[in-house]
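Remarks on the structure that follows.
In this note's numbering, the protein residues as written are 4 to 392.
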């Protein structure tokens, strides 16, 4: 058992995140990356190289050698872990044959298992079945390098961003399935995750690991809701930036307004944001419990990690120079469906001059399933879904 040395109590933002994990009102944040390996490493001991890289990272980033003690108490604290065995945190799986065929078999088996579970209670009513744990719905959209370039070009042309455009398109889709949004003078709110590293003191590096995230809330006026409801949006049949004009002028107008609102709120940070009030919360567990039965504050959230560099590191051997290195081919960023928080999560990550991947997550429920699946269909239709997996 490694020695645990107390460091400091968790701060407000840190307790906010930690308490959600303890109470299981949220799951984990996951970033899945697919790399292309240098040719000299493909047949060599790639596992040794990965372990060595993780060891170097652990030695460099002290946050990776920190744990949380008394996490289920009112006063959790960070503790330093004296030693860490990387082997306890890494597992290796060799995928047999074709990757696409393997994924199809995996998801097919999952469906068969779920179907079998459903049939185990053929005569029982819903009220007599054992309670089933909450589960997250998940869907995936991949935009090719060409498709993402087309969309980003259109966003620049209309003075907006991909994040703001997604907010607008999500609302337009929900207008078709959510009854409350079909009423006259309907309004709604969404949330944008924002990196707070811009507020760090000058002596703290911007790439420091830490919980530096806040949410910005955007409200949609009845006029915007009505305008988007009336816009006829055509499928993404064109591969040119000009083809994005088919979304309709009102879509671009609302999207540009969202971008302006986000920038205006960022300029005021840390003022006028709930993140600045977290230190006043003495019991986060009681705060989450008080949310039970309340209406969600926002209908959906867009969290965009941005674009990562494709080339990660050079690799040099005795017989090869450093012309070829590890390269990112795909980045998939996702979170669990939120028990407390926005009903729908849209998570975005991409590679510079490469593909952009979106994941859509939600808490499984019949009405929510219908709304979320409608958003997925519409985003694929309007943005253009890549055929590759």
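By construction, the Cβ of each residue, glycine as well, lies at the ideal position given by its N, Cα and C atoms.
Since this is a predicted model, take the numbers as computed values, not measurements.
Contact set for residue i: own chain, Cβ-Cβ below 6 Å, skip 5 residues either direction
i, result
"residue 209", "200"
"residue 17", "214"
"residue 176", "377, 378, 381"
"residue 348", "304, 338, 364"
"residue 203", "none"
"residue 115", "Here residue 115 scores only 46 on pLDDT, less than 50, and its place in the model should not be relied on; the value that follows carries that caveat. Here the set comprises nothing."
"residue 294", "343"
"residue 117", "Per-residue confidence for residue 117 stands at a pLDDT of 45, beneath the threshold of 50, marking its modelled position as unreliable; the derived number appears in the next sentence. No residues qualify anywhere along the chain."
"residue 34", "336"
"residue 276", "217"
"residue 465", "There is simply no residue 465 to check, as the chain begins at 4 and stops at 392 in what is shown."
"residue 284", "290"
"residue 268", "219"
"residue 72", "80, 82"
"residue 23", "29"
Residue j beta carbon less than 7 Å from that of residue i
i, j, result
"residue 303", "residue 173", "yes"
"residue 261", "residue 170", "yes"
"residue 64", "residue 25", "no"
"residue 144", "residue 382", "yes"
"residue 358", "residue 194", "no"
"residue 387", "residue 150", "yes"
"residue 228", "residue 251", "no"
"residue 286", "residue 77", "yes"
"residue 330", "residue 310", "no"
"residue 393", "residue 258", "Coverage of the chain is limited to positions 4 through 392, which leaves residue 393 absent and any answer about it impossible."
"residue 292", "residue 217", "no"
"residue 12", "residue 57", "no"
"residue 190", "residue 223", "yes"
"residue 192", "residue 164", "no"
"residue 85", "residue 198", "no"
"residue 253", "residue 230", "yes"
"residue 256", "residue 178", "no"
"residue 138", "residue 367", "yes"
"residue 328", "residue 41", "yes"
"residue 225", "residue 266", "no"
Cβ distance (whole Å) where residue i is taken to contact residue j below 8 Å
i, j, result
"residue 93", "residue 83", "With a Cβ gap of about 21 Å, residue 93 and residue 83 do not count as contacting."
"residue 372", "residue 140", "6 Å"
"residue 306", "residue 196", "4 Å"
"residue 356", "residue 148", "6 Å"
Contact set for residue i: own chain, Cβ-Cβ below 7 Å, skip 5 residues either direction
i, result
"residue 308", "336, 351, 352"
"residue 123", "Note that residue 123 scores 49 on pLDDT, short of 50, meaning its location in the model is unreliable and no value can be drawn from it."
"residue 95", "50"
"residue 9", "80, 82"
"residue 212", "64, 66"
"residue 121", "Confidence in residue 121 is poor, its pLDDT being 47 and thus under 50, which makes the residue's placement too unreliable to answer from."
"residue 158", "164, 165, 168"
"residue 374", "177, 180, 181"
"residue 264", "221"
"residue 31", "339"
"residue 48", "none"
"residue 184", "177, 178, 191, 228"
Sequence-distant residues of the same chain with beta carbon closer than 8 Å to residue i, five excluded per side
i, result
"residue 61", "67, 68, 87, 89"
"residue 36", "331, 333, 334, 335"
"residue 20", "214"
"residue 119", "Residue placement at residue 119 is poorly supported in this model, since its pLDDT is 45, which falls under 50; the coordinates still yield a value, given next. Around residue 119: no qualifying Cβ."
"residue 360", "143, 144, 145, 146, 333, 334, 335, 336, 351, 352, 353"
"residue 315", "38, 328, 329, 330, 331"
- prompt: Which full runs of the beta strand (DSSP E) of 3+ residues lie inside the segment 139 to 172, going along the chain?
  reply: Runs of the beta strand (DSSP E) inside the segment 139 to 172: 139 to 146.
- prompt: Enumerated in chain order, which unbroken segments of the beta strand (DSSP E) with a length of 3 residues or greater are wholly contained in the segment 32 to 101?
  reply: The qualifying runs are 32 to 39, 69 to 72, 80 to 84.
- prompt: Using 8 Å as the threshold, is the segment 331 to 348 in touch with the segment 25 to 39, meaning 3 or more CB pairs across them?
  reply: Because the criterion of three Cβ pairs below 8 Å is met, the segment 331 to 348 and the segment 25 to 39 touch.
query: Can you list the beta strand (DSSP E) stretches of 3 or more residues lying completely in the segment 331 to 356, in chain order?
result: Listed in chain order, they are 347 to 354.
field: Residue ranges of each beta strand (DSSP E) within the segment 5 to 30, 3 or longer
entry: Within the segment 5 to 30, the complete beta strand (DSSP E) runs of at least 3 residues are 7 to 12.
message: My parser needs the beta strand (DSSP E) runs of 3 or more residues fully inside the segment 234 to 312; what are they?
response: Correct list: 303 to 311.
message: Just to confirm the assignment: which complete beta strand (DSSP E) runs, minimum length 3, are found wholly within the segment 191 to 219?
response: Counting whole runs of 3 or more residues, the segment 191 to 219 contains the beta strand (DSSP E) stretches 191 to 198.
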